[in-house]
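Note sheet for the following structure.
2 protein chains.
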Amino acid sequence: MQRYFAKQKMENQFLLQEDDLYHMKTVMRMNEQDKIQVVYENKVYLCHLKNVKTNMQVEIETELKVTEDCIPKVTLLIPLLKEQKMDFILQKATELGVDQIIPIETERSIIKYEKGKIEKKLERWQKICKEASEQSYRVNIPTITKIHKIEEMKALQGSKFICSTTEKNKNIRFALKSVHNCDRIIIAVGPEGGFSMNEEKKWNQIGFTSISLGNRIMRVETVPLYVLSILNFYYME
Amino acid sequence: MQRYFAKQKMENQFLLQEDDLYHMKTVMRMNEQDKIQVVYENKVYLCHLKNVKTNMQVEIETELKVTEDCIPKVTLLIPLLKEQKMDFILQKATELGVDQIIPIETERSIIKYEKGKIEKKLERWQKICKEASEQSYRVNIPTITKIHKIEEMKALQGSKFICSTTEKNKNIRFALKSVHNCDRIIIAVGPEGGFSMNEEKKWNQIGFTSISLGNRIMRVETVPLYVLSILNFYYME
């Protein structure tokens, strides 16, 4: 069954976004009385459609029970990458349960956005996360913040790590053992070629522990998936 | 430094494949005396280039030490998928250390290949794995076999699992505990919509244990990455 996030709740109906309505009518070719799931304020509702051909309405039937995610919330700090890789990370990280994504300016990142275009980018990124959330039946959509500098990450609260290409002793297995009763794990992933020595020092100074991810040499867009898969496994009941 | 797999070794030189030579000359624009790494029979050699402009030769300087992979060998059984998803799985599974990939015919797979085209497909798949192996500095290239039926997997030796969408009790965490001194883990991943009940029964009958991957709902192409990431983590020292 398709799942959508609602814009607004009105008594026994939901108001959906225009592009979701388009998707239901034109892409999915839904019919009168077809059922969908609608998510609103972290709750999931079973609904059916009315007046599909004229002025489609989404009527609530009942609220569904939701299984709680069992892993701590994860904030992913990612470098600015080419559009395709960025889209890929956003989609897959959403599938794998990321809670918050913060794009970070790094020395070795080859992408620079013009001031005027950043708003549009953010909108696009949010849309990708919304659609991936719907497809993977999440009850919430990861937040994407505006682009930040490393120094600004000092304020983040949680267990903070950066994926280092030089750290040899502490690996992620070791690092996770040190996380106690923590409600947020914050992991920074570097660009192609990794963070510079200077940047790694900056991260360390604001409380991020350098960790190794093991011996594999991965493409930059594979790393966030690898890390999130591990966290899912580590906190699996 | 770029890494390539050699076709043949001749005294103090390597013979590389035509498309690798093209890549070195035209894409990487390599020059006289430039260094590359060459892999041959699971060993890695430091080499330099000679006669780049005329008849390029790859001269061996010395053999390099190789860090051994520390996880058991993994065979991945994957359904037939659309080209883009297939390519994606091959590339990422190679990065994450898969040893062998076996494409499997499944009921819900929407892809059917014409007899004459399968050879070409296999060649293409092998090429993707070779290139991903070079990029991730592997000393071997995963094997891809021809397309098989479920029943034919009975002969495989190792700890055998299928990713089930219905199994609720045994998860991958539990399953890995049962793997002892095993040199091969064999994991079958289903198509969009999972294996049919009938297929799951077939797998079970030939020794594959059904396991759950947790509560996340993932796209089919995400699952192999998720599983391989977990195995890397599980066997990390």
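Protein sequence lines, in the order shown, are assigned to chains A and B. Residue 239 is where the first sequence ends in our numbering, and the numbering goes up by one at each step. Residue 239 is where the second sequence ends in our numbering, and the numbering goes up by one at each step. Even for Gly, the Cβ is constructed at its ideal location relative to N, Cα and C.
- Counting other Cβ atoms within 10 Å of its Cβ, B:S135 reaches 16 or more and is therefore classed as buried.
- Under DSSP, the beta-bridge partners assigned to B:K45 are B:Y42.
- The Cβ atoms of A:V141 and A:L230 lie no closer than 8 angstroms to each other.
- Just so you know, the alpha carbons of A:M220 and B:E97 end up roughly 6 angstroms apart.
- A residue is called buried once 16 or more other Cβ atoms fall within 10 Å of its Cβ, and B:L66, having fewer, is exposed.
- DSSP places A:E107 outside both helix and strand once states are collapsed to three, so it counts as coil.
- Per DSSP, the continuous beta strand (DSSP E) segment holding B:Q10 begins and ends at 5 to 12.
- By the rule that beta-carbons nearer than 8 angstroms mark a contact, B:Y139 touches chain A.
- Look at B:K162 here: in three-state DSSP terms it is strand.
- Between the C-alpha atoms of A:E43 and B:I103 there is a straight-line separation of about 42 angstroms.
- Using a C-beta cut-off of 8 angstroms, the segment 162 to 173 of chain A makes no contact with the segment 55 to 62 of chain A, since fewer than three inter-stretch Cβ pairs fall below that distance.
- Counting only runs of at least 4 residues, the segment 99 to 159 of chain A fully encloses the following alpha helix (DSSP H) elements, listed from N- to C-terminal order: 120 to 137.
- Close to chain A, meaning a Cβ-Cβ distance shorter than 7 angstroms, are the following residues of the segment 208 to 234 of chain B: G216, N217, R218, I219, M220, R221, T224, L227, Y228, S231, I232, N234.
- The C-beta of B:E194 comes no closer than 8 angstroms to any C-beta of chain A.
- Here B:L227 has K94 as same chain residues with Cβ atoms under 6 angstroms from its own Cβ, once five neighbours each way along the sequence are excluded.
- Using a 10 angstroms sphere on the CB of B:S161, the tally of other CB atoms reaches 16 or more, which defines it as buried.
- Contact between B:N234 and A:R218 holds, since their C-beta atoms are separated by about 6 angstroms, short of 8 angstroms.
- In this structure B:A8 is buried. Its beta-carbon is surrounded by 16 or more other beta-carbon atoms within 10 angstroms.
- The contact set of A:M238 on chain B, defined by CB atoms closer than 8 angstroms, consists of N173, I174, R175, G216 in chain order.
- Interface with chain A (8 angstroms Cβ-Cβ cutoff): B:G118 is excluded.
- Counting along the chain, A:P226 sits inside the alpha helix (DSSP H) bounded by residues 225 to 236.
- Taking a cut-off of 8 angstroms on C-beta distances, the segment 192 to 204 of chain B touches the segment 107 to 116 of chain B, as three or more cross pairs fall below it.
- By the rule that beta-carbons nearer than 8 angstroms mark a contact, A:L98 touches chain B.
- Counting only the Cα atoms, A:N33 lies some 52 angstroms from A:F197.
- DSSP lists A:Q102, A:I188 as the bridge partner or partners of A:T77.
- Chain-ordered, the chain A residues with CB closer than 7 angstroms to the CB of B:K94 read T224.
- Under DSSP, B:I62 forms a beta bridge with B:C49.
- For B:Q207, no beta strand (DSSP E) run applies; the uninterrupted alpha helix (DSSP H) run containing it begins and ends at 199 to 207, by DSSP.
- B:T211 carries a strand assignment under DSSP once its states are collapsed to helix, strand and coil.
- With contacts defined by Cβ atoms closer than 8 angstroms, B:I174 and B:L215 form a contacting pair.
- Nearest in C-alpha terms to B:H25, of all of B:I38, B:F176, B:K117, is B:I38.
- Excluding five sequence positions before and after B:I188, the CB atoms of its chain that fall closer than 6 angstroms to its own CB belong to T77, L158, G160, K162, given in chain order.
- For A:L83, there is no enclosing beta strand (DSSP E), as DSSP marks it with neither H nor E.
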